[in-house]
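**Q**
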Amino acid sequence: MQRILKYIDLPILIVFGFIFILWLAAVALDASFFSVGYLLQQLQTASFLGIIASGAMLVILLGHIDLSIPWVVTVGGMMATAAAGWWGDAGAVIALPFAMLCGLIFGIVNGLGVAYLRIPSMIFTLGVNAVAQGLMVLHTGGFAPQDHTTELMHWLAVKRSLWDIPNVLIVWLFVGAVIVFMLRRTPLGRYIYAVGNRESATYLSGVSTRGVLITCFALCSTLAALAGVLLAGYSTKAYQAMGDPYLLPAIAAVVLGGTNILGGRGKYLGTVGGVILITLLQSILSVMQMEEAYRQVIYGVVIIGMLLVYGRSAKVQS
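For the sequence shown, counting from 1, position 236 maps to 219 in this note's numbering; every step adds exactly one.
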């Protein structure tokens, strides 16, 4: 029992409690929410946000924020489809790793700016987001790109293989397993929590805090680019600003799951719960035909409210 409680804390119980309540409300609104097929469809939709939130959580655990996510997602989608067009048959194989490499480059730039230049992450990553936007506008001339996705991208994003489970959900499960293993079983995971709690003390203990910062920002952008590739596969092509709807939901999902937005505390299971909660909330709001502007207000209120709750709590390692 103690081993189970080690992986579950009050915020996680709260978020899954809200998921259950929202699900009951959704079933009351529309009985289709009760079907297994519809639940798998919701998890398929949640997987794109889940992959982005996985990377965002690593940065937030450090006490930082990555605001370059929207256009790094777009970079991933556009570069994958462009690679498929540039290299013909070889592009079908190269597209996915090439897009993730582009995301990795943006992440390393973010990490270098925060770790070495000591520029606040919100400012620096916002600038990198603008650079990524400018590069993509130059790449497309401001128009929707005409390149289409590869069969592999479409298969990963849309098709189902193992026990009728969406392939993109399997990708998210794999990403989640790697994140959990890294946070729980590797020195890097311990260093991430330590930097989030007190970076100066971690540095004085001999840890390369700059390396930790660069690694987490690099992973965040790489996962954002991967999500962009999958989103392009889902819609058969990339498009301008395709990552914009995912920034606030990703941050809200991480914070809702109990990760301290000031760093040093959080469990991946909470982030999973936050992603599911946000996705379920989006579905209910869609059924209610609530406008996007009101949804953004809800996300903002959630983030501010959780900041008030966790911002005053002692930052202890999870």
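Note that beta-carbon positions come from the ideal geometry of N, C-alpha and C, so glycine has one too.
If you're wondering where the values come from, they're calculated on a predicted model, not measured in any experiment.
Using only CA atoms, which one of G0, Q27, V195 and S15 lies nearest to V141?
**A** By one-based count along the sequence shown, residue 141 stands at place 158. It is Q27.
**Q** Is it buried or exposed for L284, if we count other Cβ within 10 angstroms and need 16 for buried?
**A** Residue numbering aside, residue 284 sits at position 301 when the sequence shown is read from its first letter. Note that residue 284 is Val in the sequence shown here, rather than Leu. Burial call: exposed.
**Q** Just list the residues that DSSP pairs R143 with in beta bridges.
**A** Here residue 143 corresponds to residue number 160 of the sequence shown, with the count starting at 1. Partner(s): P149.
**Q** Apply the 10 Å Cβ neighbour rule to L121 and answer buried if 16 or more other Cβ atoms are within range, or exposed otherwise.
**A** As a working note, residue 121 is residue 138 in the sequence shown. Flag for L121 reads exposed.
**Q** Report the rounded CA-to-CA distance for L264 versus P228, giving the unit in angstroms.
**A** As a position in the sequence shown, residue 264 is number 281, starting the count at 1. As a position in the sequence shown, residue 228 is number 245, starting the count at 1. Their Cα atoms are separated by approximately 14 Å.
**Q** Counting Cβ pairs, one atom from each stretch, are 3 or more of them under 8 Å apart for the region 241 to 256 and the region 40 to 57?
**A** At 8 Å Cβ cutoff, the stretches touch.
**Q** Please work out which residues of its chain come closer than 7 Å, Cβ to Cβ, to I259, disregarding the five sequence neighbours upstream and downstream, and give them in chain order.
**A** Taking the first residue of the sequence shown as 1, we reach residue 259 at position 276. Excluding positions up to five away in sequence, the list reads I2 and A29.
**Q** Taking all protein chains shown into account, decide if S266 is buried (16 or more other Cβ within 10 angstroms of its Cβ) or exposed.
**A** Position 283 of the sequence shown, counted from the start, is the residue given in the question as residue 266. By the 10 Å Cβ count, S266 comes out buried.
**Q** Hey, L139 and A75 are a contact pair by Cβ (cut 8 Å); roughly how many whole angstroms apart?
**A** The sequence position of residue 139 within the sequence shown is 156, counting from 1. The sequence position of residue 75 within the sequence shown is 92, counting from 1. That pair is no contact at about 12 Å.
**Q** Go through the region -7 to 61 residue by residue and report every complete run of the alpha helix (DSSP H) that reaches 4 residues or more, in order.
**A** -7 to 12 and 19 to 44
**Q** Any chance the region 81 to 99 sits against the region 198 to 207, with 3 or more Cβ pairs inside 8 Å?
**A** yes
**Q** Check whether the Cβ atoms of A36 and V237 lie closer than 8 Å to each other.
**A** One-based indexing of the sequence shown puts residue 36 at position 53. One-based indexing of the sequence shown puts residue 237 at position 254. The answer is yes: Cβ separation under 8 Å.
**Q** Are I(-5) and G246 close, meaning C-beta to C-beta below 8 Å?
**A** Position 12 of the sequence shown, counted from the first residue, corresponds to residue -5. Position 263 of the sequence shown, counted from the first residue, corresponds to residue 246. Going by C-beta atoms, I(-5) is not nearer than 8 Å to G246.
**Q** Determine the contact status of P170 and L32, defining contact as a CB-CB distance below 8 Å.
**A** Walking along the sequence shown from the start, residue 170 turns up at place 187. Walking along the sequence shown from the start, residue 32 turns up at place 49. L32 is positioned such that its CB atom lies no closer than 8 Å to that of P170.
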